[in-house]
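Let me begin by presenting the structure, written as structure tokens, before commenting on it.
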């Protein structure tokens, strides 16, 4: 588009030079039922350049508006999706923190905060395995919380032979 605008400016300059360079001749012009007498030689050239230049400028304005609308709609879509992703990340972080708190309470870790009293751990009764004669040991020797391995870590562990496949 910029190239067309530059060419339009160059063409206007050439037409201006043509109009002022001594083309003082005149002739009669007839178009369908209209007739003009003593029209300078440069007028048809200037009119043709103005018509094509105007059409080109209208096309440039139209294409610029279409491009602006497309970019604006994409920006609006991206902003909407970014806000949705941010909300999901915030919710995910809140759920992770809540999950860690609940797990720590279930494992017997007492949580304290400020002037509050410690929260006593609440354990849910677990089913004994078939054939087990005694209840599991709850003397505080539970294994520390271990984060769950990612899918990639599980795949690498399986192919290196360190762990069986499973979740």
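Numbering (the working numbering), first residue to last: 11 to 177.
A virtual CB, placed ideally from N, CA and C, is assigned to each residue, including glycine.
Exercise. Going by the beta-carbon positions, is the gap between residue 22 and residue 36 smaller than 7 Å?
Worked result: Mapped onto the chain shown, residue 22 falls at position 12. Mapped onto the chain shown, residue 36 falls at position 26. Their beta carbons are not under 7 Å apart, which means residue 22 does not touch residue 36 by this criterion.
Exercise. Which residue comes first and which comes last in the alpha helix (DSSP H) that contains residue 46?
Worked result: As a first step, residue 46 is located in the chain shown; it is residue number 36 there, counting from the start. Here residue 46 belongs to no alpha helix (DSSP H); instead the beta strand (DSSP E) covers 44 to 50.
Problem set entry | Closest by C-alpha distance to residue 34, when choosing among 90, 97, 50 and 27 | On the chain shown, residue 34 is found 24 positions in, with the first residue counted as 1. It is 50 whose Cα lies nearest to the Cα of residue 34.
For this session: Measure the beta-carbon distance from residue 25 to residue 55 and round it to whole angstroms, keeping in mind my assumption that it falls under 8 Å.
Result: If you number the chain shown from 1, residue 25 lands on position 15. If you number the chain shown from 1, residue 55 lands on position 45. Rounded, the Cβ-Cβ distance is 6 Å, consistent with contact.
Problem set entry | Within the stretch 25 to 111, ranges of the beta strand (DSSP E) (whole runs, at least 3 residues) | 36 to 41 and 44 to 50
For this session: Mind checking which residues open and close the alpha helix (DSSP H) that includes residue 171?
Result: Here residue 171 refers to the residue found at position 161 of the chain shown. Run containing residue 171: none; DSSP gives neither H nor E here.
Exercise. In chain order, what residues of the same chain have a beta carbon less than 7 Å from the beta carbon of residue 66, not counting five sequence neighbours either side?
Worked result: For the purposes of this step, residue 66 is identified with residue 56 of the chain shown, where counting begins at 1. Closer than 7 Å at Cβ, skipping near neighbours: 14 and 18.
Exercise. Under 7 Å between the Cβ atoms of residue 44 and residue 29?
Worked result: Translated into the one-based positions of the chain shown, residue 44 becomes position 34. Translated into the one-based positions of the chain shown, residue 29 becomes position 19. Contact: no.
Exercise. What number of angstroms, rounded off, separates the C-alpha of residue 64 from the C-alpha of residue 78?
Worked result: Within the chain shown, numbered from 1, the residue matching residue 64 stands at position 54. Within the chain shown, numbered from 1, the residue matching residue 78 stands at position 68. Distance between the alpha carbons of residue 64 and residue 78: 21 Å.
For this session: Determine the closest residue to residue 157 out of 110, 27 and 81, with distance taken between C-alpha atoms.
Result: Against the chain shown, residue 157 aligns to sequence position 147. Minimum Cα distance to residue 157 is reached at 110.
Exercise. Once you ignore the five residues that flank residue 38 on each side, which residues in its own chain have a CB closer than 8 Å to its CB?
Worked result: Residue 38 sits at position 28 when you count from the first residue of the chain shown. Same-chain partners within the cutoff: 45, 46, 47, 48 and 49.
Exercise. When DSSP labels each residue in this structure, what does residue 118 get in the three-state scheme?
Worked result: The sequence position of residue 118 within the chain shown is 108, counting from 1. Correct three-state label for residue 118: coil.
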